[in-house]
Amino acid sequence: MWKFFHKLASPPHFYQFAGKVVPWFAFTAIACIGYGGYAGLFVAPADYQQGDAFRIIYVHVPAAYLSMMGYSIMAISAGIGLIWRIKLSHAVTAAAAPLGAWFTFLALATGSIWGKPMWGTWWEWGDPRLTSELLLLFLYIGYMALRASIDDIAKADKASAVLALVGAVNVPIIHYSVEWWSSLHQGPTLVREGGPGMVSDMLYPLLAMILGFTFLFGALLLGRVRTEVLFRERRAKWVREMLLDDGGTT
Amino acid sequence: MKPRQQRMLAVGLTVAGIAIAALLTLQAFKENMMFFVEISEVEKGNYPDDRNFRVGGLVVEGSVQRAPGDLTVAFDLTDLTSKLTVNYAGILPDLFREGQGIVAHGRLNDSGTFIADEVLAKHDENYMPPEVADSLAKAAAAQEAISKQDEK
Numbered sequence: 011m012w013k014f015f016h017k018l019a020s021p022p023h024f025y026q027f028a029g030k031v032v033p034w035f036a037f038t039a040i041a042c043i044g045y046g047g048y049a050g051l052f053v054a055p056a057d058y059q060q061g062d063a064f065r066i067i068y069v070h071v072p073a074a075y076l077s078m079m080g081y082s083i084m085a086i087s088a089g090i091g092l093i094w095r096i097k098l099s100h101a102v103t104a105a106a107a108p109l110g111a112w113f114t115f116l117a118l119a120t121g122s123i124w125g126k127p128m129w130g131t132w133w134e135w136g137d138p139r140l141t142s143e144l145l146l147l148f149l150y151i152g153y154m155a156l157r158a159s160i161d162d163i164a165k166a167d168k169a170s171a172v173l174a175l176v177g178a179v180n181v182p183i184i185h186y187s188v189e190w191w192s193s194l195h196q197g198p199t200l201v202r203e204g205g206p207g208m209v210s211d212m213l214y215p216l217l218a219m220i221l222g223f224t225f226l227f228g229a230l231l232l233g234r235v236r237t238e239v240l241f242r243e244r245r246a247k248w249v250r251e252m253l254l255d256d257g258g259t260t
Numbered sequence: 378m379k380p381r382q383q384r385m386l387a388v389g390l391t392v393a394g395i396a397i398a399a400l401l402t403l404q405a406f407k408e409n410m411m412f413f414v415e416i417s418e419v420e421k422g423n424y425p426d427d428r429n430f431r432v433g434g435l436v437v438e439g440s441v442q443r444a445p446g447d448l449t450v451a452f453d454l455t456d457l458t459s460k461l462t463v464n465y466a467g468i469l470p471d472l473f474r475e476g477q478g479i480v481a482h483g484r485l486n487d488s489g490t491f492i493a494d495e496v497l498a499k500h501d502e503n504y505m506p507p508e509v510a511d512s513l514a515k516a517a518a519a520q521e522a523i524s525k526q527d528e529k
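Protein chains in written order, with our numbering: chain A, 11 to 260; chain H, 378 to 529.
So, in structure tokens, the structure goes:
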């Protein structure tokens, strides 16, 4: 078990391993999103209050979940990178930031589109759930801006890892915002006492979409980490050998 | 202590420190973090009287009165303990209906009526087709009838 992780932390092994895993992740993502998208749009019944408008939940909830999951991954890998000085860990943090930012943007955009017809507003300043999610987007952007402003990769890794750790405090705030304070946003549907507040015809497509988005995120993240590793190790022997090898065969 | 353990301690203390700082800040601004004021708090006078604020509650069944010919509407809001009358002129969201949770933005006038300049609808966290909602409502009504009979 530990041997596997030690091996994985070495860039060439990770590069090979991730290359093998990515297609499987991508395939699972396509299958889950295909089923979830079809069942969510055509099989699931319309909601008793919101009619067909509730169907945007099949994009909104997975995107919002991954916006927080993305930041959690960043904070954990930043912590591991700082403590154990693992370069690959910093590469994961750096690669996750733009992905997380896009999923956050998607959650905010779909939430806004959903909010207009249902609540009657695109955006409400001062709502704790909306504001904390917007803060998450700014944290992602701030992280990327900080990285971009430092040329030395090792220094950029350290400084931005601290920012990633500090910002992690916002993730539980987003999650509990609708329980701690009064909000326009409704409380949690899936993770709550007494089980999910959804009939199974609506629930299963949503779970499939969440699973599919997670594998999509995984595939995109691993692909981005591979590129990041390749760039960081561009002067290493294994990269040259691999490229020469490949050049010879194709 | 080994350097690695020192770094572990530094990271742990940083995260813990930030978490405590955030917790204290949020606790201090608890009032301001609330998106709306409950109706019973308005009755007690716990609302900002120098600026507009939001109230949230359920629309009382049978209280909605529309003026013929324009968009003016009056209705009562309740949090099941207190009541507040709201006046509003404008377009209501689709989900606005009796029994629905709504949030109104505006201020109290001298006679204690809330003059709203914006009305937003909340929806709950339950999703189901209309048939299920109907049968749930019927079951709840039947339950209520039984408990009323028991009282007698």
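Glycine residues also receive a C-beta, built at the ideal position from the N, C-alpha and C atoms.
message: Less than 7 Å between the C-beta atoms of A:Trp129 and A:Ser122, yes or no?
response: No, the pair does not count as a contact, with Cβ atoms beyond the cut-off.
query: Along the chain, where does the alpha helix (DSSP H) that runs through A:Gly204 open and close?
result: No alpha helix (DSSP H) holds A:Gly204; DSSP gives it neither H nor E.
- prompt: Near A:Phe27, which residues of its chain fall below 8 Å by C-beta distance, leaving aside the five closest residues on each side in sequence?
  reply: Leu18.
task: For my contact list, A:Leu231 and A:Ala105 are in at a C-beta cut-off of 8 Å; report their separation, rounded to the angstrom.
output: The beta carbons of A:Leu231 and A:Ala105 sit about 6 Å from each other, so the pair counts as a contact at 8 Å.
Proximity winner among A:Asp211, A:Lys97, A:Lys168 and A:Pro108, relative to A:Met154 (alpha-carbon distances): The residue from A:Asp211, A:Lys97, A:Lys168 and A:Pro108 with its alpha-carbon nearest to that of A:Met154 is A:Pro108.
query: Counting pairs of Cβ atoms below 8 Å between the region 444-461 of chain H and the region 413-431 of chain H, do you hit three or more?
result: Cβ pair count under 8 Å is three or more, so yes.
message: Can you tell me whether H:Phe491 is helix, strand or coil according to DSSP?
response: In the three-state scheme derived from DSSP, where H, G and I count as helix and E and B as strand, H:Phe491 is classed as strand.
field: Within chain A, partners of H:Arg381 - CB distance below 9 Å
entry: Under the 9 Å cutoff, chain A gives Ile93, Trp94 and Arg95.
Residue closest to A:Val235, alpha-carbon to alpha-carbon, out of A:His100, A:Gly125, A:Ala158 and A:Leu213: The shortest C-alpha separation from A:Val235 is found at A:His100.
Cβ shell of A:Val249 (< 7 Å), same chain only, five flanking positions each side left out: Short of 7 Å from the beta carbon of A:Val249, and not among the five residues preceding or following it, lie these beta carbons of its own chain, in chain order: Leu240 and Glu243.
task: Using only the heavy atoms of the ligand COA, determine whether one of them is closer than 6 Å to the beta carbon of A:Ile151.
output: The model on display carries no ligand, and the ligand COA is accordingly not part of it.
Start and end residues, beta strand (DSSP E) containing H:Phe473: No beta strand (DSSP E) contains H:Phe473, which DSSP labels as neither H nor E.
7 Å Cβ cutoff met for H:Val437 and H:Thr455: Contact: yes.
task: Closer than 7 Å by C-beta to A:Gly152: which residues in its own chain qualify, once you throw out the five before and the five after it? Chain order, please.
output: Once the five neighbours on either side are set aside, the close Cβ partners of A:Gly152 are Leu173.
query: Of the residues H:Ile492, H:Asp511, H:Asp527 and H:Phe452, which one's Cα is nearest the Cα of H:Asp426?
result: The shortest Cα separation from H:Asp426 among H:Ile492, H:Asp511, H:Asp527 and H:Phe452 belongs to H:Ile492.
message: So, for A:Gly46: in the same chain, excluding its five sequence neighbours on each side, which residues have a beta-carbon less than 6 Å away from its beta-carbon?
response: Closer than 6 Å at the Cβ level, and outside the excluded window around A:Gly46, lie Pro215, Ala218, Met219 and Gly222.
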